[in-house]
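Chemist: Sharing a structure, written as C-alpha cells. Questions coming.
There are 2 protein chains.
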Amino acid sequence: MPFDHITPLLKSNNSKIVLLVMDGLGGLPIEAGGSTELEAAKTPNLDRLAAEGMIGLSTPILAGITPGSGPAHMVLFGYDPLHYEIGRGVLEAAGVGLHVGRGDIAARGNFVLLNEKGEIRDRRAGRISTEESAPLVERLNTITLPGVELEVRQVREYRFAVVMRGSDLHPEIDDTDPQQTGVPPLPALAREPAAEHTAELFNQWIAKASQTLAQNPKANGLTLRGFSSDPNFPSFNKAYGLNAACISVYPMYKGIAKLVGMELVDFEGDAPDDEFTAVKKHWEDHDFFFIHIKKTDSKGEDGDFHGKVEVIESVDRALPALLGLEPDVLIITGDHSTPALLRTHTWHPVPFLLWAPATVRPDDQTQFGERSCAHGGIGHFRALDTMPLALAHAGRLEKFGA
Amino acid sequence: MPFDHITPLLKSNNSKIVLLVMDGLGGLPIEAGGSTELEAAKTPNLDRLAAEGMIGLSTPILAGITPGSGPAHMVLFGYDPLHYEIGRGVLEAAGVGLHVGRGDIAARGNFVLLNEKGEIRDRRAGRISTEESAPLVERLNTITLPGVELEVRQVREYRFAVVMRGSDLHPEIDDTDPQQTGVPPLPALAREPAAEHTAELFNQWIAKASQTLAQNPKANGLTLRGFSSDPNFPSFNKAYGLNAACISVYPMYKGIAKLVGMELVDFEGDAPDDEFTAVKKHWEDHDFFFIHIKKTDSKGEDGDFHGKVEVIESVDRALPALLGLEPDVLIITGDHSTPALLRTHTWHPVPFLLWAPATVRPDDQTQFGERSCAHGGIGHFRALDTMPLALAHAGRLEKFGA
Numbered sequence: 014m015p016f017d018h019i020t021p022l023l024k025s026n027n028s029k030i031v032l033l034v035m036d037g038l039g040g041l042p043i044e045a046g047g048s049t050e051l052e053a054a055k056t057p058n059l060d061r062l063a064a065e066g067m068i069g070l071s072t073p074i075l076a077g078i079t080p081g082s083g084p085a086h087m088v089l090f091g092y093d094p095l096h097y098e099i100g101r102g103v104l105e106a107a108g109v110g111l112h113v114g115r116g117d118i119a120a121r122g123n124f125v126l127l128n129e130k131g132e133i134r135d136r137r138a139g140r141i142s143t144e145e146s147a148p149l150v151e152r153l154n155t156i157t158l159p160g161v162e163l164e165v166r167q168v169r170e171y172r173f174a175v176v177m178r179g180s181d182l183h184p185e186i187d188d189t190d191p192q193q194t195g196v197p198p199l200p201a202l203a204r205e206p207a208a209e210h211t212a213e214l215f216n217q218w219i220a221k222a223s224q225t226l227a228q229n230p231k232a233n234g235l236t237l238r239g240f241s242s243d244p245n246f247p248s249f250n251k252a253y254g255l256n257a258a259c260i261s262v263y264p265m266y267k268g269i270a271k272l273v274g275m276e277l278v279d280f281e282g283d284a285p286d287d288e289f290t291a292v293k294k295h296w297e298d299h300d301f302f303f304i305h306i307k308k309t310d311s312k313g314e315d316g317d318f319h320g321k322v323e324v325i326e327s328v329d330r331a332l333p334a335l336l337g338l339e340p341d342v343l344i345i346t347g348d349h350s351t352p353a354l355l356r357t358h359t360w361h362p363v364p365f366l367l368w369a370p371a372t373v374r375p376d377d378q379t380q381f382g383e384r385s386c387a388h389g390g391i392g393h394f395r396a397l398d399t400m401p402l403a404l405a406h407a408g409r410l411e412k413f414g415a
Numbered sequence: 014m015p016f017d018h019i020t021p022l023l024k025s026n027n028s029k030i031v032l033l034v035m036d037g038l039g040g041l042p043i044e045a046g047g048s049t050e051l052e053a054a055k056t057p058n059l060d061r062l063a064a065e066g067m068i069g070l071s072t073p074i075l076a077g078i079t080p081g082s083g084p085a086h087m088v089l090f091g092y093d094p095l096h097y098e099i100g101r102g103v104l105e106a107a108g109v110g111l112h113v114g115r116g117d118i119a120a121r122g123n124f125v126l127l128n129e130k131g132e133i134r135d136r137r138a139g140r141i142s143t144e145e146s147a148p149l150v151e152r153l154n155t156i157t158l159p160g161v162e163l164e165v166r167q168v169r170e171y172r173f174a175v176v177m178r179g180s181d182l183h184p185e186i187d188d189t190d191p192q193q194t195g196v197p198p199l200p201a202l203a204r205e206p207a208a209e210h211t212a213e214l215f216n217q218w219i220a221k222a223s224q225t226l227a228q229n230p231k232a233n234g235l236t237l238r239g240f241s242s243d244p245n246f247p248s249f250n251k252a253y254g255l256n257a258a259c260i261s262v263y264p265m266y267k268g269i270a271k272l273v274g275m276e277l278v279d280f281e282g283d284a285p286d287d288e289f290t291a292v293k294k295h296w297e298d299h300d301f302f303f304i305h306i307k308k309t310d311s312k313g314e315d316g317d318f319h320g321k322v323e324v325i326e327s328v329d330r331a332l333p334a335l336l337g338l339e340p341d342v343l344i345i346t347g348d349h350s351t352p353a354l355l356r357t358h359t360w361h362p363v364p365f366l367l368w369a370p371a372t373v374r375p376d377d378q379t380q381f382g383e384r385s386c387a388h389g390g391i392g393h394f395r396a397l398d399t400m401p402l403a404l405a406h407a408g409r410l411e412k413f414g415a
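As given, the protein sequences belong to chains A and B, one line each in that order. For the first sequence, the positions run 14 to 415 when this note's numbering is used. For the second sequence, the positions run 14 to 415 when this note's numbering is used.
Right, here's the structure in full:
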C-alpha cells in the first residue's frame, strides 16, 4: 500500500497543494477524427499550465475498469479501492452528507409497496417522486429507539439512507430486500452473534417505520441494504501529515472527503469562481485543498458535448483566482472519464496535469487534452500515484534509504 | 489476479470480439536506421485501423523476459503465467494436439541411445531424424497396460509426448532423464505417496517400450520428463462469459486454446484467407474469436526478413473479409517479438492495435509499426491487460463500485 512507503518518508514544510478534480473530465470525439471535449474547449490558462508543467494519462483502477465515484476519488486520495472498501450503506449516507462516525451503522433504504398480505408488490414504490417521498423521510426521522440515535436522509425518489449511532453496534447484517416481489421483506438477520443486538434494533426500527408508513397508498413499507460502518481508513492527516480541506458543492464528494478526515468548507454559490473564492478565504487554514467540480460529469452523463466544453471553459476562466494564491503544487485532473458520446462513466484513461513551478520537470506539451496527455512527460500511470507525486513536488518527502 | 477484478463485473451483450495474433509480430531493423518487418510491410488496411483505433506496445511477461509460446498466449488470454503454470508435459502434448483431459498425465519423451550396460550414450539418440523416429512412435503406440489408456505422438526428431488416461492418476513424479550420459535412465519415482501407482504404471510402460526399442541401432531407449496434468484453469467462459472459438492451423495453439476451454474450429487451407473464411462460417456461433497466424514467427525464426514482411502483407490483404463481419472489437497484435535479425523469440515489446468503432479513444497515430506504437494512445502496457481492454470496449463490464 502507498502509505507503507510514503508515510515513513514524510517531512513538514509550509507548502500548499491543490488537487482540482473536474469530475468525469476524460472524453471522446463525437465524430470520426474530431476532438474530445477537453480538446475542443478553449483553455488558455490550462494550456499555459500544461506548457509550464507536465501532463500524462492516468488509469483510475486497472485497464478496462470503469470506476464509480467512490473508488475513483479514493484512488486520487491514495487509498487503493482494491484494498480499501467502502460499504454501500456508508457510501449512500456519505453521498447525502449524512455523517457516519466510527462505530456508526449506515444502510441504504428503499420505500416499497406492500399488498394486504404484507408481500412486496413494487420494490421501488412505483418510483415515487422525490417530492412525494420527502414527507415520508420526515416521518421516519421522528422514530426513536432507546439507547441509539437515528438519522434518515432522502437520496431521491424511493431511496433514502439511514444511520444508527450508539455503542457496540456491528454491521454484519443481511439485506432485508428479498430482491423479488410476491414475498414480504426479510427481517434484519445478523450474520455473526456480535451483530444480533444491532439487527434487533434495526428490526424494532423497521416495525415502527412500517406502522408510520402503513396508511400511505404508494409507499407503505421499506427495505434496507448494504449495512456497513465507517471503513476506518487512515486519515489524510495521519497518512500524509496534511491538514486537508474539501471544497465541493455536492454532498457525495463531501462524504468521501470526510471518510478520509478532510475538513468540509462551507461556502455560497456553485460556480468554479465560488469554489476558488472559498479556497482563498481558507488559504491560511489548510495545506491541502481538494476542489471538486461536478458539472463536467453531469454534462457528460447528459450526452451534452458542448455543455461539457462550456463547463471546462468556465473552470479555465476562473483559474487565475486560484493561481493568484500561488500554490506550490497544482494538480488538475478528473476522477474518471465521462464522454458525452457514451453518456456514462468509462474506463478510458484520464487527462492529468501537474504544475509545480519550483520542482516540476516540464515536458514538450503545450496543450491540455487527451492526445497531448498521451505524449506527456508523466506518461501513462496509475492514479494511485497522484498523492506521492503531489507530496514529492511539494518537497514533503524525505529520501528513501541512504 | 485479473479474474478476481474482472469476472464479478461481467455483463452480457451481443458484441463480437476478435483477437488476431500474428505470432512473433514484433521485429527489429536489419540495418541501422532501417525499418522493422511491420514498418517495411505495405499495410493499407492495418494503417487505416491504426488511424481509426488506438495503438501501443505490450510487454508479454515482464521487462526483458522472452516468453515461450505457451506463456505468451496465456497472457493474451488473461492468465498470468507467473501464476498459472502449464506443466511441460502438458504443453508438449498440447503442442502436438494431444488431448490432456482433467486427471490425465502427460510427459515429454526423448529417444536415447543406450550402451550394452544400459547406460545412456546419447541423450538425444544422435538427433535421429523425424522420418526415422516416426515408426518408433508407432510402435510405442501399440503398448497397452491394464486399466489405463495411452497415447504417444511424435513432436519432431528425437522428441515425443505421451499421455496416460485413467482414474486416480497423479503427476508428482520425478523425471527419468538423469541429465547426463554414462548412467542408466532413472526409474519413474513418485514424489508423493499418491503418485506411486502412477509412477509404477509409467515404469511398466517404460519396460515394455524398452523391449520394443531394444533392437533399434540408433534409439534403443527413452527418458520421460515434465510429468504433469491438466492445469485446471478457469475456462474462458467462466472467466469472461465468452463462448470462444480458436482458428489456428498449428496444433500447439489449438492445444493452448483448448486448455482454456475454447472450441476448436476445423477448416481447410492454411492461408489468412482460409482462417478468415472459417471465422465467417462460424460467426453466429461464438462471441470471441482467437485467430492465430503462425508464419510471421516461422519466417522470423528462419531469419527471413522479407518473408516475414510478405506474411504481414498477406494478412493485410485478407483483412477486408474479417472487417466485413463488423466485429465490435478487433485487436491485432503478436504474442511476442521474433525479429528476423535475431532468428528467435525475444523480449521486445509487441505492437498492439485496438479497433472498436463505438468506444475507442483514437490517438494521433496513422500507421501500424513499432515506432508509431511507441507513441500510441494506449502507451506501454502489460499484455495481461488485453482481455480487460477487449471486454471494456465491447461494453461487457459493469462499473466498479458506486
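The C-beta atom is built at its ideal place from N, Cα and C for all residues, glycine as well. Quick caveat: nothing in here was measured; it's all calculated off a predicted structure.
(1) Answer yes or no: do Glu132(B) and Gly195(B) have a C-beta to C-beta separation smaller than 8 Å?
(2) Going by other Cβ atoms of all chains shown within 10 Å of its Cβ, with 16 needed for buried, is Phe413(A) buried or exposed?
(3) Under 8 Å: do the segment 237-245 of chain A and the segment 110-119 of chain A share three or more Cβ pairs, one atom per stretch?
(4) Any beta-carbon of chain B closer than 8 Å to the one on Thr416(A)?
(5) Quick check: Gly40(A) and Thr49(A), are their CB atoms within less than 8 Å of each other?
(6) Is the CB-CB distance between Ala174(B) and Ala119(B) below 8 Å?
(7) On the criterion of 16 or more Cβ atoms from any shown chain inside 10 Å, does Ser146(A) qualify as buried, or is it exposed?
(8) Would you check if the distance between the CB atom of Phe365(B) and the CB atom of Leu32(B) is smaller than 8 Å?
(9) Report the partner residues of Trp368(A) according to the DSSP bridge assignment.
(10) Please report whether the beta-carbon of Gly1(B) lies at a distance below 8 Å from any beta-carbon of chain A.
(11) Relative to the C-alpha of Pro333(A), which residue among Leu355(A), Lys293(A), Asp310(A), Leu367(A) is closest?
(12) For Gly264(A) and chain B, any beta-carbon pair shorter than 8 Å?
(13) Under 8 Å, Cβ to Cβ, is there at least one residue of chain A near Leu272(B)?
(14) Using 10 angstroms around the beta-carbon of Gly77(B), count the other beta-carbons present and answer buried if the total reaches 16, otherwise exposed.
(15) When burial is assigned at 16 or more other CB atoms within 10 Å of the CB, is Thr351(B) buried or exposed?
(16) Ala415(A): buried (16+ other C-beta within 10 angstroms of its C-beta) or exposed?
(17) At which residues does the beta strand (DSSP E) containing Gly122(A) begin and terminate?
(18) Output, in chain order, the set of chain B residues within a Cβ distance shorter than 8 Å of Leu355(A).
(19) Taking the continuous alpha helix (DSSP H) assigned at Ile325(B), which residues delimit it?
(20) For the pair the segment 168-182 of chain B and the segment 207-220 of chain B, tell me if three or more CB-CB distances fall below 8 Å.
(21) At which residues does the beta strand (DSSP E) containing Gln167(B) begin and terminate?
(22) What number of angstroms, rounded off, separates the C-alpha of Leu23(A) from the C-alpha of Trp218(A)?
(23) When burial is assigned at 16 or more other CB atoms within 10 Å of the CB, is Gln193(B) buried or exposed?
(24) Based on the DSSP secondary-structure assignment, which residues constitute the bridge partners of Phe16(A)?
(25) Kindly indicate the opening and closing residues of the alpha helix (DSSP H) around Val219(A).
(26) Give the interface partners of Glu383(A) over in chain B, defined as CB-CB distance under 7 Å, in chain order.
(27) Please state whether DSSP places Asp135(B) in a helix, a strand or coil.
(28) Please tell me whether Gly234(B) and Ser223(B) are closer than 8 Å, where the distance is taken between their beta carbons.
(29) Does Leu38(A) get closer than 8 Å to chain B when you measure Cβ to Cβ?
(30) Could you have a look at Glu185(A) and say whether DSSP puts it in helix, strand or coil?
(31) Contact between the segment 390-408 of chain B and the segment 342-351 of chain B: three or more CB pairs below 8 Å?
(32) So which residues on chain B does Pro94(A) lean against when the C-beta distance must stay under 8 Å?
(33) Determine the closest residue to Ala387(B) out of Pro362(B), Ala403(B), Ala405(B), Thr79(B), with distance taken between C-alpha atoms.
(34) How would you label Asn27(A), buried or exposed, when you count the other beta carbons within 10 angstroms and need 16 or more for buried?
(35) Does the segment 275-286 of chain B come into contact with the segment 310-320 of chain B, if we say contact requires no fewer than three beta-carbon pairs (one atom in each stretch) closer than 8 Å?
(36) If you draw a straight line from the C-alpha of Val165(B) to the C-alpha of Thr236(B), how long is it?
Modeler: Looking at the atomic coordinates:
(1) yes
(2) exposed
(3) yes
(4) The structure shown has nothing for residue 416(A), since chain A only spans 14 to 415.
(5) yes
(6) yes
(7) buried
(8) no
(9) Leu343(A)
(10) The requested residue 1(B) does not occur in the structure, where chain B is confined to residues 14 to 415.
(11) Lys293(A)
(12) It is worth fixing the name first, because residue 264(A) is Pro in this sequence and not Gly. Chain B contact via Cβ: absent.
(13) no
(14) exposed
(15) buried
(16) exposed
(17) 118-127
(18) Thr372
(19) 318-336
(20) yes
(21) 162-169
(22) 46 Å
(23) exposed
(24) In the DSSP output, where bridge partners are listed per residue, Phe16(A) has none listed.
(25) Per the sequence shown, the amino acid found at residue 219(A) is Ile instead of Val. Taken as a continuous stretch (DSSP letters only), the alpha helix (DSSP H) holding Ile219(A) covers 209-226.
(26) Arg374
(27) strand
(28) yes
(29) no
(30) coil
(31) yes
(32) Phe413, Gly414
(33) Pro362(B)
(34) exposed
(35) no
(36) 13 Å
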